[in-house]
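In this note's numbering, the protein residues as written are 391 to 818. Ideal Cβ placement from N, Cα and C applies to all residues, glycine included. For clarity, every value in this text was computed on a predicted model and none was experimentally measured.
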RNA sequence: UGGGGUGUACGUCAGAGGCUAGACGGCGUGAUUUGGGAUCACGAGGCCGCGGGUUCGAAUCCCGCCACCCCAACCA
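Here it is as structure tokens:
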């Protein structure tokens, strides 16, 4: 991206929101625009960050054997009538509906109905199972209370997967595989997600786990065992038999290690069973020739929420702890480096163009005229590139001064060395 | 949906009955500058959230509404 063509002026950040400083910075610098509570536009960089998050999720789910599909965002009333959730969702007020004289529709708040409709035409025999379909698509929920900018909006990007099995043993396996993939995904996103059993620990029947990332901006609270890394629902302590229960289920006997931690819920996985397949009459032919409802699971990750969490984790501070910018992880940052040439110096400008082209789309070039270099160096902190490269009078020709924004460490490299070094950073 | 907070310029915010509503950024023009948020000059930009009231006079006081934010609740 060339800043001279990006419409960017110079940016000065004022008083930042204490609770969500980075998202406020995105707002003040025009990288996101709020239309009303919970509805945002994404500028180039946040949009690409979100896309990179998607890509990590995609790669890990594909590796785990899930199949990507795309289900409709505009969903007809009839499939919701089939599962008996149309009126419930309207009464709850969470669904955006479109009523026309030729039929009623909703903007997908979730996709259990849509996926059952999708699967029933294909999965007719036990021979076609197991399957786990996933999609990454926009979801719409009329949240009465949105929260934390993009952490909980009315329109948000979600990865939602739905597994289909013959029986509960199959479901257990699909669930286990997806759960493992979730842990890999959270590692690659630099978010240490802890699975927490969501339903009071009543095992058997329907199991569900939330993936919680410890964060001061979290909206939930969990009990975290600092010794074992196990996360627990705070409601567990309300059980009369909690001591025995913790020992039996988690082998925890020292409760003093349990600490309350604020967390962000980035994902949730469920063993659904036959609730949807039965009500929607979606069946397959089993080995014994009888028709049986699918045994289903569903699995969600809040992609835009993950993006927001990554941003809030990427704050750049000065010696006094003031927040001065953003430094994204190199494997998520769409641009690895922001190149700042001295524009008036023709040789440096030529070097910068050369460098920019060799970065093959992974660099921002600050080629704006009439902006002083000092101002550019300051502006370089708001797009979150993990590195800044300065080509000024102080550096000899053919070389760049490369600074890691997070640590402030500087090194002088030739352009080719810098390209190689930066490309390697992205692999991490 | 219960409790709390805030609405004044593009942004952050002053202004607590009195004349033409301010500051600092940002934006525009010109000059001087040019490695860690330059300086000066000039300029554009406001129905002081909306509606009603009190008053000679309201951004300011009163009533109602709306919006946004936060806490609970719910969710990814």
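**Item:** Contacting residues, own chain, Cβ-Cβ under 6 Å from residue 403 (five flanking each side not counted)
**Value:** For residue 403, where only same-chain residues beyond five positions count, the Cβ hits under 6 Å are 415, 418.
**Own chain, CB closer than 8 Å to residue 448, minus 5 neighbours either side, in chain order** = Within the same chain, 458, 526 come within 8 Å of residue 448 by CB-CB distance, once the 5 residues on both sides are set aside.
**Request:** Determine the burial state of residue 413: buried for a count of at least 16 other Cβ atoms within 10 Å of its Cβ, exposed for fewer.
**Result:** Flag for residue 413 reads buried.
**Message:** Less than 6 Å between C-beta atoms, sequence neighbours within five positions excluded: which residues of the same chain meet that for residue 705?
**Reply:** Same-chain partners within the cutoff: 412, 713.
**Item:** Chain-order list of residues whose beta-carbon lies under 7 Å from that of residue 592 (same chain, five-residue window excluded)
**Value:** Here the model assigns residue 592 a pLDDT of 46, short of 50, so the residue's position is not dependable, and the following value carries that caveat. Its chain contains no residue whose beta carbon lies nearer than 7 Å to that of residue 592 once the 5 sequence neighbours on both sides are disregarded.
**Identified DSSP bridge partners for residue 779** = Paired residue(s): 729, 792.
**Request:** Would you kindly check if the distance between the Cβ of residue 451 and the Cβ of residue 588 is under 8 Å?
**Result:** No, the Cβ-Cβ distance between residue 588 and residue 451 is not below 8 Å.
**Reduced DSSP category for residue 501 - H, G, I as helix; E, B as strand; rest coil** = In the structure shown, residue 501 sits in coil (DSSP, three-state: anything other than H, G, I, E or B).
**Message:** Alpha carbons only, please: which of 510, 609, 425, 566 is nearest the one belonging to residue 660?
**Reply:** Just measuring C-alpha positions, the residue of 510, 609, 425, 566 sitting nearest residue 660 is 566.
**Item:** Among 607, 603, 651, 608, nearest to residue 624 - alpha-carbon criterion
**Value:** Among 607, 603, 651, 608, the Cα nearest to that of residue 624 belongs to 651.
**Request:** Have a look at residue 440 and residue 400 and give me their C-alpha separation to the nearest angstrom.
**Result:** Answer to the nearest angstrom: the Cα atoms are 24 Å apart.
**Request:** Would you kindly work out how many angstroms separate the C-alpha atoms of residue 473 and residue 574, rounded to a whole number?
**Result:** Their backbone Cα atoms lie some 33 Å apart in a straight line.
**Asked** Assuming residue 538 contacts residue 410 under a Cβ cut-off of 8 Å, what Cβ separation, rounded to an integer in Å, is found between them?
**Response** That belief holds up - the Cβ atoms of residue 538 and residue 410 are roughly 6 Å apart, short of 8 Å.
**Message:** Measuring CB atoms only, is the stretch 732-740 touching the stretch 679-687, in the sense that at least three cross pairs come out at less than 8 Å?
**Reply:** By the Cβ rule, the stretch 732-740 does not count as touching the stretch 679-687, because fewer than three pairs are nearer than 8 Å.
**Item:** Secondary structure of residue 415, DSSP reduced to three states
**Value:** Residue 415: helix per DSSP, three-state reduction.
**Request:** Could you spell out where the beta strand (DSSP E) holding residue 333 opens and where it closes?
**Result:** There is no way to answer for residue 333, as the model of the chain reaches only from 391 to 818.
**Item:** Same chain only: Cβ atoms within 8 Å of residue 590, ignoring 5 sequence neighbours per side
**Value:** Confidence at residue 590 is low in this model, with a pLDDT of 46, below 50, so the placement of that residue is unreliable and no value is reported for it.
**Prompt:** Three or more C-beta pairs closer than 8 Å, one from the stretch 507-527 and one from the stretch 551-559: is that the case here?
**Reply:** Yes, the stretch 507-527 is in contact with the stretch 551-559.
**Request:** Just the C-alpha distance for residue 393 and residue 753, rounded to the nearest angstrom, thanks.
**Result:** Roughly 11 Å separates the two Cα atoms.
**Prompt:** Using 8 Å as the Cβ pair cut-off and three pairs as the minimum, do the stretch 666-678 and the stretch 502-516 touch?
**Reply:** Yes, they touch.
**Message:** Using 8 Å as the threshold, is the C-beta distance between residue 812 and residue 726 below it?
**Reply:** Less than 8 Å divides the Cβ of residue 812 from the Cβ of residue 726.
**Item:** Cβ neighbour criterion (16 or more within 10 Å) applied to residue 618
**Value:** So residue 618 counts as exposed.
**Asked** If we ignore side chains and look at the alpha-carbon of each, how far apart do residue 529 and residue 486 end up?
**Response** Computed Cα separation, rounded: 10 Å.
**Alpha carbon of residue 612 to alpha carbon of residue 605, nearest angstrom** = The alpha-carbon atoms of residue 612 and residue 605 are separated by roughly 11 Å.
**Asked** When burial is assigned at 16 or more other CB atoms within 10 Å of the CB, is residue 397 buried or exposed?
**Response** Classification of residue 397: exposed, given that the 10 Å Cβ count is below 16.
**Message:** Starting from residue 564, trace the alpha helix (DSSP H) in both directions and tell me its first and last residue.
**Reply:** Per DSSP, residue 564 belongs to the alpha helix (DSSP H) from 558-578.
**Request:** Please classify residue 818: does DSSP put it in a helix, a strand, or coil?
**Result:** In this structure, residue 818 counts as coil in the three-state DSSP scheme.
**Item:** Pairwise C-alpha distance: residue 697 and residue 442
**Value:** Each residue's alpha carbon lies about 9 Å from the other.
**Message:** Give me the residue from 421, 446, 406 with the minimum Cα distance to residue 817.
**Reply:** Proximity to residue 817 across 421, 446, 406 peaks at 446, based on C-alpha coordinates.
**Message:** The beta strand (DSSP E) that contains residue 705, what's its start and end?
**Reply:** For residue 705, the uninterrupted beta strand (DSSP E) segment begins and ends at 705-707.
**Message:** So, for residue 422: in the same chain, excluding its five sequence neighbours on each side, which residues have a beta-carbon less than 8 Å away from its beta-carbon?
**Reply:** By the criterion of a C-beta distance shorter than 8 Å, residue 422 is surrounded in its chain by 413, 416, 430, 431, 432, 433, 436, 539, 540, once the five residues flanking it on both sides are discounted.
**Asked** In terms of residues, what are the limits of the alpha helix (DSSP H) holding residue 669?
**Response** Segment 665-669, the alpha helix (DSSP H) holding residue 669.
**Request:** Buried or exposed for residue 465, please, with buried defined as at least 16 other CB atoms from any protein chain shown within 10 angstroms of its CB.
**Result:** Buried, because 16 or more other Cβ atoms sit within 10 Å of the Cβ of residue 465.
**Asked** Within the present structure, is the beta-carbon of residue 749 separated from the nearest heavy atom of the ligand GTP by less than 7 Å?
**Response** With respect to small molecules bound, the structure shown includes none, and the ligand GTP cannot be examined in it.
**Request:** Please state whether DSSP places residue 436 in a helix, a strand or coil.
**Result:** DSSP, reduced to helix, strand and coil, places residue 436 within a helical segment of the structure shown.
**Request:** Measuring alpha carbon to alpha carbon, tell me which of 718, 742, 490, 760 ends up nearest residue 782.
**Result:** Checking every option, the nearest Cα to that of residue 782 belongs to 742.
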